[in-house]
Amino acid sequence: MASEDNKQSAEFISEAEEIVEELHKDLFSLEEMVAAGRYNPDLINAIFRGSHSLKGLAGMFGFTELQSLAHDIEHLLDAIRLGKVELADPVIDVLMRGVEALGALIAAQSKGEPLPSMEALRAETLQIAEGGGAQESESPARAAGVDAAIVDVLTEYEEHRLNDNIKRGMFLHKVTCAFALETFDTGLAEVTEKLKENGEIITTLPSGEASGDMEIVFDLIVGTPISADEVRAALANDAYKVVTIVEAGALEKKPETPAPAPAATETAEEGAAPAADDATTSMRSVSQTVRVDISRLDYLMNIVGELVVQRNTFSRLADQLRDMGMVKLAQQLGREVRLFERKIADLQAGVMEVRMVPVSQVFERLARVVRKTARQVGKKIELQTQGGETELDKLLTEDLADPLMHLTRNSIDHGIETPEARVAAGKPEEGTLVLRAYPEGNHVVIEVADDGAGIDPEKVRAKAIERGVISPDAEMSKEELVDLIYSAGFSTKDEASELSGRGVGMDVVKNNIADMSGVIETITGVGEGTTIRITLPITLAIIGALVIEVRSQTYVVPVNSVQQCMRVTEEELLTIENRKTVQVEGRTVPIVDLAGFFHLDEERDHGQAYYYVIIVGLAEKRLGLLVDRLVGQQDIVIKPVGDLLEDTPGIAGATELGGQQTVLVLDVGEIIRGSTGTASVVKAGTA
């Protein structure tokens, strides 16, 4: 029973989070529309329905705190729909904070934490909802001479929409349509769609006109900027009567609210066909989606990983049979192994496809962070997102959310100047923050870019000396100085703010990215802005790997980091500034001898005439790994190594190659960072 309750609770949390995400997206769209002087009642209705659905869902599960707050938000939205509350920035701000609070309640419930108090927010929401505005002495509908028989049968919301259309100077037409009973639903739907292209259907009413046998007649009240003749032409059916109830500009007033996008109201009278009788409708669900907990996908991927290991074992058995002279049996087993490989590849691709999600899921959450942070620090920020359709493993997107939040806040608080400072520097007072994603080979690149003041290497140097991070006589390049921002406890701000400047962010970001087998770079120029570039593998599940030998030890290198492999002689290895290097396509690439890196004491086989160099790279960094032998390539599943090797540099985990042989997986990103020291780029000409 407890298991069933947990399952239902997880489904509730998942569905509630989806509703809150949709509410956030719709509210951002609404804010943009209001800022642009536009208004769409359909969007208000969508937000209203979302709040209503969440209230009902919370009530079903006895989550009274969530139910109460959702009810108050719904109440405010209803007041907006009815024109009792003007849709302005302060109201949108309360709605935004309300939806954020809904998310906070859901998060606390899912983690079993104490629920935050919502009393102050609820009181503020209700005060705005019930404060309303001054009532009009005479409604526009009455003033424009609309027949009382029409006005009296309208709902409060429909009357508000009628009055709003009149105030904005729209035509009001009554469109009378007769339909055969057996086809009225499709006929009414066609008329509705045509009318919505040019205006708003305020209500659909039973007509008072006589109908023939087996006919049904409706009156559709439409608000539109086009005349009755134009409506008739759009309908292209002489059987439909169009009568003008109110002429355009009847009140001879300027529009008091922006014109709406053509939209339908949410009630059944909008022109939608009545619901069919339950006895005749299909029991088949309309939805073709299934919610699956990510832990189940992890389990399934682990099973696929075990099959990959088993396939490797079968391949080794085939080789052993061939060595024993059982060629025919080895060939037969080889054919079966290849068939097995194809099936596993299909299964692996299918599971991976399910795990992949668009990066826009993270970007949409960051939009809320940008809006809130910009208001807190009093800056004007335009957020641009690019490449949101780029896909990444679901687990990676979740792990990426917090680092990106830190980077976004830092860009706003540290990077982008105040409006006054920007104007003084000859920049527009509104700063630009760009969230960008794009694929690059077997990796995904995520960038957080701003057009702010940039990072001054000399200012970083001064702070580093002041805090004892480096000595005054330390010789460091501009790139190395900029890289100091990732040092623990380092900050260039003199005073800590509530958002950043406490020196407990960028080092955590760097470590989190490293834990995802990624690398972080900083591209900056004084006065030109800063771009933080994160390069991540598409997935950390099943990956291709190159099996290598160093002395008598076997390691694997993820192939998504491998650029090329070379066979070189001792003479081809050049020593520059006491470091071995190799020339690759005219470029000098530093080399790390893995035997020395891992402190392997065995002597190299002096009879071996060649070395092998594996050129690896992440982002713009390149490094050569010196090894003794290339064994082959196969798919692997990386497993954690536990406490024993947790602090060993250059190790990402372990894997089983088959035949119960367990080997270590190299962390290419960590080896590169340890060997090259910097991941920053300072633009030419900067101080």
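Position 580 of the sequence shown, counting from 1, maps to 580 under my numbering, and the rest follow consecutively. Using N, Cα and C, we set each Cβ at its ideal position, and we do this for glycine too.
Taking each of Arg436, Glu430 and Val526 in turn and checking the Cα distance to Leu404, the smallest one comes out for Arg436. Per DSSP, the continuous alpha helix (DSSP H) segment holding His71 begins and ends at Thr64 to Arg81. Look at Met405 here: in three-state DSSP terms it is helix.
The region 351-371 and the region 382-401 touch, with no fewer than 3 CB-CB distances between them shorter than 8 Å. Secondary structure remark: continuous beta strand (DSSP E) runs of at least 3 residues inside the region 452-482: none found. By the Cβ neighbour-count rule, Ala148 is exposed, with fewer than 16 other Cβ atoms within 10 Å of its own. Under a 10 Å Cβ-count criterion, Val243 is classified as exposed, with fewer than 16 other Cβ atoms of the shown protein chains found around its own Cβ. Secondary structure of Leu664 (DSSP, three-state): strand.
Apart from sequence neighbours up to five positions away, the residues of its chain that approach Gly249 with a beta-carbon distance below 7 Å are Gly169, ordered along the chain. Nearest C-alpha to Thr432 among Gln376, Gly518, Ala143 and Glu528: Glu528.
Under DSSP, the beta-bridge partners assigned to Pro206 are Phe218.
Under the DSSP definition of a beta bridge, Leu573 lacks any partner.
In this structure, the alpha-carbon of Asn312 lies about 7 Å from that of Leu657.
At a Cβ-Cβ threshold of 8 Å, Leu154 and Thr204 do not count as neighbours. Contact check for Val460 against Ile412 fails: the beta carbons are separated by 8 Å or more. In this structure the region 58-72 lies against the region 96-106, because at least three pairs of beta carbons, one per stretch, are closer than 8 Å. By the Cβ rule, the region 413-425 does not count as touching the region 546-560, because fewer than three pairs are nearer than 8 Å. Here the region 629-639 lies against the region 546-554, with 3 or more beta-carbon pairs under 8 Å apart. Distance between Leu54 and Ala79, taken at the CA atoms: about 18 Å. When the alpha-carbon of Ala141 is set against those of Ala180, His160 and Cys565, the nearest one is in His160. The beta carbon of Lys580 sits closer than 6 Å to the beta carbons of Leu573 and Ile591 from its chain, once the five residues preceding and following it are set aside; these are given in chain order. Note that the C-beta distance between Ile106 and Val20 is below 8 Å. Sixteen is the threshold: since fewer than 16 other Cβ atoms of the shown chains lie within 10 Å of the Cβ of Lys343, the residue is exposed.
Where Leu433 is concerned, the enclosing beta strand (DSSP E) starts and stops at Gly431 to Glu440. Each of Ala462, Gly489 and Ile651 was checked against the Cα of Met476, and the nearest Cα belongs to Ala462. With a minimum length of 3 residues, there is no unbroken run of beta strand (DSSP E) contained wholly in the region 2-38.
Following the DSSP letters along the chain, one finds Lys167 inside the alpha helix (DSSP H) bounded by residues Glu156 to Lys167. The continuous stretches of alpha helix (DSSP H) do not include Tyr240, and DSSP gives it neither H nor E.
Following the DSSP letters along the chain, one finds Thr373 inside the alpha helix (DSSP H) bounded by residues Ser360 to Val377. Per DSSP, Ile226 is not a residue of any beta strand (DSSP E), being assigned neither H nor E. When secondary structure is reduced to three states using DSSP, Arg567 falls in the strand class. Look at Ala345 here: in three-state DSSP terms it is helix. Remark: C-beta atoms of Glu447 and Ile532 approach each other more closely than 8 Å. Between the alpha carbons of Gln332 and Leu307 lies a gap of roughly 19 Å. By the neighbour-count criterion, in which 16 or more other beta carbons inside 10 Å mark a residue as buried, Ile303 falls on the exposed side. A distance below 6 Å between beta-carbons, with the five flanking residues on each side excluded, links Leu162 to the following residues of its chain, in chain order: Ala141 and Ile202.
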